[in-house]
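So the sequence shown is residues 849 to 1001, counted in my numbering.
Don't be surprised by glycine CBs; every beta carbon is placed ideally from N, CA and C.
This report concerns only the one structure given below.
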Amino acid sequence: MSNGPHAKLAELGLTLPEVVPPVASYVPAVQSGQHVYVSGQLPMAEGKLLATGKVGNGVSAEQAKDLAQRCALNALAAIDALVGLENVVKVVKLTGFVASAPGFTGQPGVINGASDLFGAVFGEAGRHARSAVGVAELPLDAPVEVEVIVEVA
């Protein structure tokens, strides 16, 4: 299965992290029928946020794009732990939240970090509907949060 999602991640130089433990009363992902709903994922690595603050004031758009990719990688880990990445048929919907400084309007470019990763890992099946929303605050002062819905076999 050299074309599978794990192989694609390896080609990108990425490995799936451990599933990020919830920071409140929820589970990382839940399956309902043929869909997996992944809870909002923060840019966490080894139990710590990779950055804090607002995009456009202390966090650059390019840094935030990388953080969105990390959120997506964490989402992939949650999906893999629940049903296995090889069972993903389609990335259906991605919602990205960007903690935005006043006047920052580059949310779509930031969330491309997540969208681009799903496209690279799943090809055409990684193309999805999406919302990129600017917000005043996110949990733990994270700059970015990403949630995703995937269809599984």
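Between the Cα of residue i and those of the options, spot the shortest distance and give me the residue it belongs to.
i           : options                : result
residue 937 : 946, 917, 970 and 961  : 970
residue 889 : 882, 968, 898 and 881  : 898
residue 973 : 958, 986 and 935       : 935
residue 989 : 891, 851 and 911       : 891
residue 924 : 907, 873 and 887       : 887
residue 981 : 964, 956, 900 and 1001 : 956
residue 856 : 976, 966 and 975       : 966
residue 877 : 978, 975, 983 and 922  : 922
Buried or exposed for residue i, please, with buried defined as at least 16 other CB atoms from any protein chain shown within 10 angstroms of its CB.
i            : result
residue 895  : exposed
residue 861  : exposed
residue 918  : buried
residue 849  : Note that residue 849 has pLDDT 44, beneath the 50 cutoff, so the model's placement of it is unreliable and no number is given.
residue 881  : exposed
residue 1001 : exposed
residue 907  : buried
residue 858  : exposed
Assuming residue i contacts residue j (C-beta within less than 8 Å), just tell me the rounded distance between them.
i           : j           : result
residue 940 : residue 991 : With 8 Å as the limit, residue 940 and residue 991 do not qualify as a contact, their Cβ atoms being about 25 Å apart.
residue 958 : residue 879 : Contact doesn't hold; Cβ gap of about 28 Å is too wide.
residue 811 : residue 893 : There is no way to answer for residue 811, as the model of the chain reaches only from 849 to 1001.
residue 954 : residue 916 : With a Cβ gap of about 12 Å, residue 954 and residue 916 do not count as contacting.
residue 883 : residue 999 : 6 Å
residue 913 : residue 960 : 6 Å
With the cut-off set at 8 Å, would you say residue i and residue j are in Cβ contact?
i           : j           : result
residue 952 : residue 994 : no
residue 929 : residue 867 : yes
residue 996 : residue 942 : yes
residue 926 : residue 962 : no
residue 853 : residue 933 : yes
residue 949 : residue 905 : yes
- [ ] Quick one: which unbroken beta strand (DSSP E) runs of 3-plus residues sit fully inside the region 870-930? Chain order, please.
- [x] 877-880 and 883-889
TODO: Run through the region 923-973 for me and flag every whole beta strand (DSSP E) of 3 or more residues, listed as ranges in chain order.
DONE: 936-947
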